[in-house]
Every structure is written in C-alpha cells, then in structure tokens.
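These protein sequences, in sequence, are chains A and B.
In terms of this note's numbering, the first sequence has 423 at position 423, counting the first letter as 1, and numbering is strictly consecutive.
In terms of this note's numbering, the second sequence has 1186 at position 186, counting the first letter as 1, and numbering is strictly consecutive.
Taking it in order: structure first as structure tokens, then the write-up.
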Amino acid sequence: MRVMAQMAMVMNLDKCIGCHTCSVTCKQAWTNRSGVEYAWFNNVETRPGQGYPRTYEDQQRWQGGWVRDRRGRLRLRAGGRLRKLATIFSNPVLPTINDYYEPWTYDYETLVEAPLGEHTPVARPKSLISGEDMKISWSANWDDDLGGGPELTSHDPLLAKISADIKLSYEQVFMFYLPRICEHCLNPSCVASCPSGAMYKRSEDGIVLVDQDRCRGWRMCVTGCPYKKVYFNHRTGKAEKCTFCYPRIEVGLPTVCAETCVGRLRYIGVVLYDADRVLEAASVADPTELYRAQRSVLLDPNDPEVAAAAEAGGIPRDWVQAAQRSPVWALISTYQVALPLHPEYRTMPMVWYIPPLSPVVDALRETGHDAEDVDNLFGAVDALRIPAAYLAELFTAGDVGIVDGVLRRLAAMRAYMRGVSLDGTRDESVAARVGMSGSQVEDMYRLLAIAKYEDRYVIPRAHAELGDPGQKAHELEELATGCSLDVEGGPGMGGWGPFGESSGRLAPVAVETFHVLKTRQRPGAEPGPTGGPGDEEPAAPPPGAETGPTGGPGDDQSAAPR
Amino acid sequence: MSGADVLVWVVLPYVSTAVFAVGLWWRWRYDKFGWTTRSSQVYESRLLRLGSPLFHFGILLVLLGHVGGLLVPESWTNAVGIGEGTYHVVAVGLGSVSGLATVVGLAILIYRRRTVGPVFSATTRNDKAMYVVLGLTILVGVANTLGNVTGGYDYRQSVALWVRGVLSFNVDAALMAGAPLGFQVHAVLACVLFAMWPFTRLVHVFSVPLGYLARPYVVYRSRDQRETLGSRGPRPGWEPTSRHEPREPVRARRTR
Ligand code: SF4
Ligand code: SF4
C-alpha cells in the first residue's frame, strides 16, 4: 500500500443554476489573456448538449483517454510512445480552434468615434484570431438551456449512445447543467501523452500541472485528455490547463470557481488513495465496474492502518485529519451519492458529481403529483428511464442501477426531511428504504442542503517546511498578501522576454496578468504574437509601470501611455 | 589568399559557431518559456498535415546526408568498400529525394503561412527572417545537388575537408575559396542560419523528446523541487534569514 493524498472536488448538480459565474471568475483569474481567449478552464454545459469543445465525448473521433487492449493492458487510445513520436510533426487528431469556437471581441470604438450619421453606429464582432470582421456562429455555451433546439442537441454523443426510441420521446424534455473543470485524474492520460515530460502530477496533492518551462508545444496532451481540458495557448505555443487554483489551495483557500459558485454546490477536500492499485483498478475489464473499482482505490482515512501507513509515507498528520473530515470522502464513500464523470475513459477522474434529482422532481410536479412523497419519487425514478439512462452514460459507463441508487438516496432524503420540516416526524422507515438511518440522512442533509462554508471546504495548507526549509512559507505568505508588480522583468516593470511577451522567464501567476490584460483590453491591442528581435515598436507600458512599488534597474523606460 | 577569403571562410564560421553555442546556452538559461515549436496547428490542420511531415522527415534525411557527406572522411567509406561511384549514386539519389521532399514540404508550409489568415497573423518578423534564410539555404543546397548530378565536382575533397577543419580548429580557407559559387553561397547561408538559430523557433530541434520512450507514463513531481509558477523569489535584500544556500542573484533584464 502506497498512500497518496489527492485534492478532489464534488459538485452537487441539483443546485447548479447555470449562471456561469464560476466560468467567468475562472476566466478572469486564469485565461483572460490573448492566446487562450477560447479556453475555459471551467465551463458549464447544458446537458443534453454537445459540450465544449463540440462533441468532445465522442472518443471514436477525438481519441482521448485510455483503452484496455486484448491482453488487459491499458493503452493510450491515440497511440503509444512510438506512434506519438512518429506523428509529432502533425498531430492527427488535434481539435482546431473552430471545434471550440472562434473567440471574438466587439469593435466598441466605433460606438464613440463614428461620425454623426443617419444610422446608429454598431459595434461589429471582430475575430480575436484573425482580427477580421466575423459572424458569430458558435461559442463555449451556444446551446445553453437547450438553445438551438433538437438539431443541435441531437449531436450529443451520449444521446447517440442511448437507443433510438429514447430519441423519439425527446419531447419529454429534461435538462440540467454540468460545470466542468480538469478532473485532476489519478491516472492522467494527458500526462502520459506528453512527450516532453512537462506535465506532472504533484505528489503532495495530486494536482496536475503543465511546467511552462518544459512544454515544447507538441500538443499531444490536448488529444490525450478525454475531457479536452488541456488547451493550447496559440500565442505562447504552450499547453495550459486548470491548475485547481493551487496558489490558493496551498494557503487553504478554495478554488476561485468554488469560492464564487452562486449555488454553493462545490465541495473540496482531501482523499487518500492507494497509488499502487490505480493501474489495476483502471484496467478492470467491464467498464461498468470502473465506478466501483475507482471507489475501491480510495482509502478510508478513519482506518487506523491507513492513517498509520499515510504518516509512514510522509503525509503530514494534519492532512490525514483533513482527509478524515473531508466532505469529498463523505459524499463519495459514506453516503455514496457522488459519481465520477465518465469513468469509462479510465483516467480515474477526481471531480465527482452528485447527479441531479431535479428532472425527476420536475416531471412529478408537472403531472400534478406530490413531488415530496417517497413512493411517488421512487416510482418516478423507476419510470423516467431517459434521464436515468442519460445520467448513467455520464457517470457510470451506462450502469443505470448505480444512478438509480443515488437518486433514491436523494429522494429519500427529500421525503424524510419533508417530514422533519412539516411536523417534526422522523420517519425511520423512509431512511431504511435506502439502507440509511434517520440521523445519517440528517447528516447528509446538513452537508448537501445547509452546506456551510467550513463543511464544504476542508483544505489543509501545503507544508512548505517539508521541502526547502524556510523558503516556501515565506513565499506563500507573500503570495497571499503581497502586491507583486515588482517581479524582475515582469509587466510591473514594463519588460518582457527578449522574443516578445511569449518568451522570457515566467511571470508569477497572480496579480501580474491583470496588467497584461489592461493593455490588451484597449482597442488596438493586436492579436497574434508580438516580438522578435526585429520588433522595435515599444510595448505599451502597463499602468503599473508608473506606480510600481519598486523602481528597479529595468525601470528606465520613458512611460508614454498610448 | 585574400583577406576576404579569411574573413568568410575562417572568421565567419567561428563567429557563427560561437554565436550558435553561446546563444543556445543563453537562451536555455533565460528563455525556457519561449523555447517551443509554437505550433499553428490549432488554426489550420489540413495543409499542415501534408506539409509538415514532408518537410520535417525530408530535412532529417538531409541532415543525415550532410553527416554522411561532410563528417565521414572519404577514406572511411573507401575502407568499407564503398567506392566513389557508388557513394555518388547514393548521395545524389538520397539527396535529391530528401531535398525534393523538403522543398515541397516547405513550399506547402510557406503557402499555408501566407494564405491562412490566422497563421499569417501569428507569424513574427523573426519567423519571416528565419524562413528567408532557411528557404534560401535549402534551395541553394538542392540546386547544388541537382547541378552536380554528373559528379563533376567532388565536394568531399574540398568542402568536407573545410568543414572538418573548422570543427578540428585546423581550418584551411583555400579549400572553400576554390569551390564553385553555389557551394560557397550555401556555406555562407548555413553560417548565417546557425548564427540565427538560437534566437528563432528553430531551437525546437534540440527538444526531440526521445526521453519519452524510456520514462514511465505518469510523471509525479514534488511541488518543492523547484520554484514553481506562482511562487517567486524574495526581492534582493529581503531574503529570509533561514535560507541556507545563497540564492543566485536575480539579474535584472533591461527593457527597451
Ligand atoms: S481531466 Fe485533467 S488530469 Fe484528467 S486527463 Fe484531462 S487534463 Fe489530464
Ligand atoms: S457558479 Fe455554481 S451555480 Fe453558477 S454555473 Fe457555476 S457551478 Fe453552477
């Protein structure tokens, strides 16, 4: 047994209102830069729907994730090492910008600068890729709320999987939102696909990152990830992906998407797992067994043997304690209501989902039934095959039984808590029907419905002292509190690398990018890479240059705002 | 031998080699972030799928040919029983095939770069300059190969000796001064190309990921091994006292 710790997330889909706040705050924090305009580390899809990038779940086409070969071994679906090297000059299955969408901005300038005329001036959409006028015809959430109707939705690869008669009864519409980030998989196929070895899984917390200094832009990871959650920055020529907001996580703060989630539906915590068993579990023959196999890799942090092995393996005690209090562990294993997204990709994803009961409840209510009654709810879970089959395609590789079980537990909780709220009855028989006790149901209710901040996020801080003594703690403190315009060569000092802004040493990831953005958001900021030794036009001095806290030796430029 | 000969055939190659070596070291040291293929495949895939492998495999063969023709002494090939005639047939055969593949591939890539809007706007001046020098070098090289089909000029008795002379610090300018113009131009262009190399996207040549064949699929790394993205060193003079090793001084980069 080799115990490792993993930061994991659970999302309670019943509470998602599809507001995209998470996507927007994530974008502002991480991808509001040119080169990744089209990238949404966090995106929210309406299901059924095509998703983002379009039809990414169709692995026949996009070749992501792992497959089990005839000898029972795992292979990268897009091909192993030799094949990767042989196709390195042009990746055969790379999604192009148009499979995501062509990002655009509006020509706001004409609104204020157009000469007086008969017609009101309009701000035309301009492509951020070519700079030309463009017609907007797709985006990251074009089919939001089933927009575009059946023509668009019918391209959902999951609908194609569940049989034809289900498509016919499409009139019985159901819909829910699916927020997605990188899954920070236990068996990440993106990492396995990277020829340079630039992608890695952090051994302390399992966060999967791209080393920007080592990435050489071979873009195999984009193909390798079945969730299409690695993006190619076409300006810097490097891969970028969701970072699980590790600078925040390291100091004990939840990710930006979780912190700002309007529905308060995200849970973050540590789970312990047995790293020696990951490969074996990811290789089980029957895809519908993958959910159970994945759960079996997780270790019970309350088991004294596990705790001892964890500490022996160098996991700090407070991390083990955090794992014991982890809401993620509780939702996955104690209450067994959280399911992994597409376990059949065999990457062992670590963002789990509580499937939505709302399609069932809504349908009941519409037919005039009592949507809080346990018998009605159970009957509806059984009767409404389409949502259940669809959810099963998402979360259990098609095993409807598991989804049914989860929905029943949620339904029982609903019925039980109705009794409690209406007249204080605690009907143990309702709880017993899903094999729980009344107090367990109430605990689950507290976690799911009350969902206090401190219950949702149990995030132990990173242990700086375990690595380079004294260094990290200091830096992290600064990171969390300091203003950081004063990086050598950073935008705060008006400097970029010698080959334009997509070169040079790395600017730290927090406040600095803000200033890059400011210059970019002005009209006239050019798309496409700038720079090269021949490029002598002065870069627009970022606003921080005049007010930056340090006047370093690099600060000798004349600040002439555009 | 005129001073110009010495300048072109002795000074230039050494200047170029020095810039090449020091430039690479410097770029590696200071610009790992800029060290990338900067692929444009996300903009356009169809033409690239044709042109890129054609060009790259072609140029790899060309490289192989140069190693065989320039670095391997004629006496060695003779020793293993490859006579001048056989050598020449193989060299011209392989040379024209690989050269042609390279040229066609490059033509497709340049056509793509010029006509596909997003790719063109992602092209820096640096790229353009590099394309010009690289394209000219290749064109002149292919012309030399095709122009020498009859084997009229034995570059293994002159150009190759000069190249090996440069590498062994025993250079003889006269060897090149007597070479046909085409070979001279090709050599000068190559020197320029080598000098440009570290400062262009050509650096990606040195990133052939052969290590991929040997490493385990999933890479684990501790967050403490190096300064990760998002953590920064303290400003000079503000280092915490508990730091054991003296920190390497942070060099300020002068801005334009
Ligand atoms: S979801 Fe994240 S960790 Fe998993 S394969 Fe994709 S990018 Fe890698
Ligand atoms: S912020 Fe929360 S509720 Fe809004 S879309 Fe994102 S996950 Fe859903």
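All C-beta atoms in this analysis are idealised placements derived from N, C-alpha and C, irrespective of residue type, glycine included.
Small disclaimer: the values here were computed from a predicted structure and weren't measured.
Neighbour list for residue i in chain B, Cβ cutoff strictly below 8 Å
i	result
A/Val-191	Tyr-1217, Val-1218 and Val-1219
A/Met-215	According to the sequence as given, residue 215 of chain A is Cys; it is not Met. Near A/Cys-215 (Cβ distances below 8 Å), the residues of chain B are Thr-1036.
A/Ala-462	Arg-1223
A/Asn-187	Val-1218
Residue-level contact to chain A via CB, residue i, 8 Å cutoff
i	result
B/Thr-1036	yes
B/Gly-1182	no
B/Ala-1122	yes
B/Arg-1164	no
B/Val-1015	no
B/Leu-1229	Model confidence at B/Leu-1229 stands at a pLDDT of 40, short of 50, so the residue's coordinates are unreliable and nothing is read from them.
Interface partners of residue i on chain B, CB under 7 Å
i	result
A/Thr-55	Residues of chain B passing the Cβ test: none, with the nearest at roughly 16 Å.
Proximal residues of chain A, C-beta to C-beta of residue i below 8 Å
i	result
B/Gly-1099	None at all; the shortest Cβ gap to chain A is about 18 Å.
B/Tyr-1111	Chain A residues near B/Tyr-1111: none, gap ~15 Å exceeds 8 Å.
B/Leu-1213	Arg-81, Leu-82 and Leu-85
Residues bridged to residue i (per DSSP)
i	result
A/Lys-201	A/Val-208 and B/Tyr-1220
A/Thr-46	A/Tyr-177
A/Trp-66	A/Leu-76
A/Gln-321	Paired residue(s): none; A/Gln-321 is not in a bridge.
A/Ser-127	A/Trp-104
A/Ile-354	A/Asn-12
A/Met-7	A/Val-270
A/Val-230	A/Lys-241
A/Tyr-246	In DSSP, A/Tyr-246 forms no bridge with anything.
A/Pro-340	A/Trp-352
B/Leu-1050	None, per the DSSP bridge assignment.
A/Asp-133	A/Lys-126
A/Leu-298	A/Tyr-273
A/Tyr-457	A/Ile-268
Contacts of residue i in chain B (Cβ-Cβ under 9 Å)
i	result
A/Glu-393	None at all; the shortest Cβ gap to chain B is about 27 Å.
Within-8 Å CB hit, residue i to chain B
i	result
A/Met-199	yes
A/Gln-60	no
A/Pro-316	no
A/Glu-204	yes
A/Ala-258	no
A/Ala-309	no
A/Ile-97	yes
A/Leu-299	no
A/Gly-438	no
A/Leu-94	yes
A/Gly-528	Because A/Gly-528 sits at a pLDDT of 42, beneath the cut-off of 50, its placement in the model cannot be relied upon, and the point is left open.
A/Ala-8	no
Residues that residue i contacts on chain A, provided the C-beta gap is smaller than 9 Å
i	result
B/Gly-1117	Ser-127, Ile-129, Ser-130, Gly-131 and Glu-132
B/Pro-1209	Lys-84, Leu-85, Ile-88, Cys-194, Pro-195, Ser-196, Gly-197, Arg-216 and Trp-218
7 Å Cβ cut-off: residues of chain A touching residue i
i	result
B/His-1204	Arg-216
B/His-1056	Phe-89
Heavy atom of ligand 4 within 7 Å of residue i beta-carbon
i	result
A/Val-230	With respect to ligand 4, the structure shown offers nothing to examine, as its ligands consist of ligand 1 and ligand 2.
(Q) If the cut-off is 9 Å on Cβ atoms, which residues from the segment 1028-1053 of chain B count as contacting chain A, listed in chain order? (A) With the criterion set as a beta carbon lying under 9 Å from some beta carbon of chain A, the members of the segment 1028-1053 of chain B are Tyr-1030, Asp-1031, Lys-1032, Phe-1033, Gly-1034, Trp-1035, Thr-1036, Thr-1037, Arg-1038, Ser-1039, Ser-1040, Gln-1041, Val-1042, Tyr-1043, Glu-1044, Ser-1045, Leu-1048, Arg-1049, Leu-1050, Gly-1051, Ser-1052 and Pro-1053, in sequence order.
Q) In chain order, what are the residues with a CB under 7 Å from some non-hydrogen atom of ligand 2? A) A/Met-11, A/Lys-15, A/Cys-16, A/Ile-17, A/Gly-18, A/Cys-19, A/His-20, A/Thr-21, A/Cys-22, A/Ser-23, A/Val-44, A/Tyr-177, A/Pro-179, A/Cys-257, A/Thr-260, A/Cys-261, A/Val-262, A/Gly-263, A/Leu-265 and A/Arg-266
Q. Taking Cβ-Cβ distances below 8 Å as the criterion, which residues of the segment 212-241 of chain A are in contact with chain B?
A. Gln-212, Asp-213, Arg-214, Cys-215, Arg-216, Gly-217, Trp-218, Arg-219, Phe-232, His-234, Arg-235, Thr-236, Gly-237 and Lys-238
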